[in-house]
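Working notes, beginning with the structure itself.
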Amino acid sequence: MAKEKKAIKSKPQVLEEAAKAAPKEKVVAPPRTSSAPELLRGMRDILPAEAKYWRFLRKTAEDFAVAYGFDCIETPIMEPTNLFVRAVGKQTDIVEKEMYSFDDQGGERVTLRPEATASIVRAYLSHGMFNIPQPVKLWYEGPMFRYERPQAGRSREFHQVGFEILGEGKPAVDAELIIVGNAFLRALGVAASVQVNSIGHAGCRDPFKAALLQHYRARRSEICEDCKRRLTRNPLRVLDCKIPECQPVKNSSPQIVDHLCDDCRTHFMKVLEILDEADVPYVLTPHLVRGLDYYGRTVFEYVPAGGEEGAQSALGAGGRYDGLAEILGGRATSAAGLAFGMERIIARMREANAPVPELPAPSIFLAQLGEHARRKAFALFEKLRAAGIRSAANFSKESLKQQMEIAGKLGVRYALILGQKEVLEGTLIIRDMDSGVQEIVGYEKAIEELRRKLG
RNA sequence: GUGAGCGUAGCUCAAUUGGCAGAGCACUCGGUUGUGGUCCGAGUGGUUGCCGGUUCGACCCCGGUCGCUCACCCCA
Numbered sequence: 022m023a024k025e026k027k028a029i030k031s032k033p034q035v036l037e038e039a040a041k042a043a044p045k046e047k048v049v050a051p052p053r054t055s056s057a058p059e060l061l062r063g064m065r066d067i068l069p070a071e072a073k074y075w076r077f078l079r080k081t082a083e084d085f086a087v088a089y090g091f092d093c094i095e096t097p098i099m100e101p102t103n104l105f106v107r108a109v110g111k112q113t114d115i116v117e118k119e120m121y122s123f124d125d126q127g128g129e130r131v132t133l134r135p136e137a138t139a140s141i142v143r144a145y146l147s148h149g150m151f152n153i154p155q156p157v158k159l160w161y162e163g164p165m166f167r168y169e170r171p172q173a174g175r176s177r178e179f180h181q182v183g184f185e186i187l188g189e190g191k192p193a194v195d196a197e198l199i200i201v202g203n204a205f206l207r208a209l210g211v212a213a214s215v216q217v218n219s220i221g222h223a224g225c226r227d228p229f230k231a232a233l234l235q236h237y238r239a240r241r242s243e244i245c246e247d248c249k250r251r252l253t254r255n256p257l258r259v260l261d262c263k264i265p266e267c268q269p270v271k272n273s274s275p276q277i278v279d280h281l282c283d284d285c286r287t288h289f290m291k292v293l294e295i296l297d298e299a300d301v302p303y304v305l306t307p308h309l310v311r312g313l314d315y316y317g318r319t320v321f322e323y324v325p326a327g328g329e330e331g332a333q334s335a336l337g338a339g340g341r342y343d344g345l346a347e348i349l350g351g352r353a354t355s356a357a358g359l360a361f362g363m364e365r366i367i368a369r370m371r372e373a374n375a376p377v378p379e380l381p382a383p384s385i386f387l388a389q390l391g392e393h394a395r396r397k398a399f400a401l402f403e404k405l406r407a408a409g410i411r412s413a414a415n416f417s418k419e420s421l422k423q424q425m426e427i428a429g430k431l432g433v434r435y436a437l438i439l440g441q442k443e444v445l446e447g448t449l450i451i452r453d454m455d456s457g458v459q460e461i462v463g464y465e466k467a468i469e470e471l472r473r474k475l476g
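Structure, rendered in structure tokens:
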């Protein structure tokens, strides 16, 4: 806060006084106009240097979606705030302190989406997707927003790619998602293991929470401050506390798997059986819980391999959310889903030096010299493109030297040189960039000749 | 929201005890007519994040502030 030494004055008043006092008063420095505009905190440009990772990630996601029968869906980046409050949960950190919310010009309370599942369930319900063959399998990709302190693997705008299966409650769905996610990471060259747990449905989770509270309250003096807070806010979270002093209490605490009802237990066992049969390695993790209210029964999380146990943030996570559709006011709908953090995956790909395909480089550069030649070069370039010959050019450059320099940097195999002389003669020079050998060919035969040379 | 470290050119980093703010890379131009890589030369580029204090003098020391990074909380 600026120190208020004087009462606030109107602008004209201030200006008048400033004029009077001009010779003596220190003049406030004018706002800098030459400095570069700044990025909002937690926002990041994704520059061309990174493009190949994003392209590969999106392409791989789409390949998996097609292979496993997921249809693409895009939902708005902005939704009514209430959608997330109801879906994610009023008591969660996301809703309590991380949402970008504001009133729009019409006075409606809106929010930049912090996650996509709520929107997808809304779309499923509002478009009556329960009337088409079930289950409905959808995938999405796009930016999400959470107002947090940025750090490694976390920014305020980040991107998720996710897969959702709605309208089916069978354990095969849970297993399919875990399997797809597992194969997806492998295809990207990212080593990770999947941790799996069941947190039951509300009917078995609530008694468990009570048992957990009883256990922890009896030993209140032995646990950390964070855990004390967790007990009142989100009791399940004490189970993944990493503080050493809490470990004894945690290890002797009741486990959710012992509190599952018959249905939830059977469901979970079947999920694990399918994973076993599919030879998908998983880690049973009794303390794994989720931070969003809508999860129930199966929950899972992909943690990068190699790091310290526990200290790693998840690359992706998911689970079953059978109750969500009803919470949003729709008909009861079984569903499950999975989401990955794209920035986190890309960070691991880079660390692991995962092989990422490059965009095919141009094999020829078309250089032009003079007004006439430039006009003709545009036509020729279009012919090259239509012929499927990847070409580069820089029509705004005038000196041949500069154009050759660009051709060299691009690493093309051949340079085409079209100057005044060639235009008059109806010819073209083809220069082999490695050997420096040049030959003159007829303009009309150039495409054919290049095709032959490039094989 | 809490804690720690760091802010010098587009990038990577120098600058002796407090004494003229520099290099490499990149970029632009040139080394004679229409030919790239290597080489040589020149040039552009800075309110040393910002504000204040100490001092004859501050990139350097002190205070504040903003930003970045990392960690906690929480999360993908």
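22 is the number of the first residue of the first sequence in our numbering; add one for each residue after it.
Beta carbons are placed, not taken as given, at the ideal position from N, Cα and C, and that holds for glycine.
- Within the same chain, and ignoring the five residues on either side of E364 in sequence, the residues whose Cβ sits closer than 6 Å to its Cβ are F179.
- Put simply, the backbone Cα of G432 is about 8 Å away from that of S384.
- In this structure, V270 lies near I244, with their beta-carbon atoms less than 8 Å apart.
- For R452, the enclosing beta strand (DSSP E) has its first and last residue at T448 to D453.
- Distance between R452 and F416, taken at the CA atoms: about 18 Å.
- Between L445 and A467, the C-beta spacing is not below 8 Å.
- Within the region 197-260, the complete alpha helix (DSSP H) segments at least 4 residues long are 223-239 and 246-254, listed from N- to C-terminus.
- Look at T138 here: in three-state DSSP terms it is helix.
- Its chain contains V292, T319, R341 and A357 as the residues whose beta carbon lies nearer than 7 Å to that of D195, once the 5 sequence neighbours on both sides are disregarded; these appear in chain order.
- Bounds of the beta strand (DSSP E) holding L133 are R130 to L133.
- Taking a cut-off of 8 Å for Cβ pairs, the region 455-472 and the region 422-432 do not touch, as fewer than three such pairs fall below it.
- Looking at the DSSP output, A413 sits in a beta bridge with F386.
- Counting C-beta pairs closer than 8 Å gives three or more between the region 258-272 and the region 299-315, which meets the contact rule.
- About 16 Å separates the beta carbon of E100 from that of Y168, a gap too long to meet the 8 Å contact definition.
- With distances taken between CA atoms, E294 lies nearest to E197 out of G163, E197, V106 and F184.
- Rounded to the nearest whole angstrom, the CA to CA distance from K80 to T96 is 19 Å.
- When the alpha-carbon of D227 is set against those of I277, R250 and M370, the nearest one is in I277.
- P325 carries a strand assignment under DSSP once its states are collapsed to helix, strand and coil.
- Annotation for V157: the continuous beta strand (DSSP E) segment containing it runs V157 to F166.
- Note: R341 is bridge-paired with G317 and A357 in the DSSP secondary-structure output.
- Rounded to whole angstroms, the gap between the alpha carbons of S176 and R396 is 47 Å.
- Inter-residue distance for P381 and P69 is about 15 Å (C-alpha atoms, whole angstroms).
- In this model, G110 and F184 are separated by some 21 Å (Cα to Cα).
- Secondary structure at I461: strand, using DSSP grouped into helix, strand and coil.
- Measuring C-alpha to C-alpha distances from Y303 to each of A373, R250, V215 and I367 identifies V215 as the nearest.
- Using a Cβ-Cβ distance cut-off of 8 Å, the region 71-88 and the region 361-378 are in contact, since at least three pairs of beta carbons, one from each stretch, lie closer than that value.
- Annotation for E460: I451 place their beta carbon closer than 6 Å to its own, counting only its chain and skipping 5 residues before and after.
- For P101, the enclosing beta strand (DSSP E) begins and ends at M99 to P101.
- The alpha carbon of P325 has as its nearest neighbour, out of V377, R371, A213 and E392, the alpha carbon of A213.
- A distance below 8 Å between beta-carbons, with the five flanking residues on each side excluded, links G463 to the following residues of its chain, in chain order: G447, T448 and L449.
- For a cut-off of 8 Å, the C-beta gap from L146 to A407 is around 47 Å, too long to register as a contact.
- Straight through space, the alpha carbons of I186 and R238 are spaced by roughly 39 Å.
- By the CB criterion at 8 Å, E162 and A108 fall outside the cutoff.
- The C-alpha of P378 is placed about 48 Å away from the C-alpha of L252.
- Across the structure, D92 and A86 are spaced so that their CA atoms are roughly 7 Å apart.
- By a beta-carbon distance limit of 8 Å, E443 contacts A394. Their separation comes to about 7 Å.
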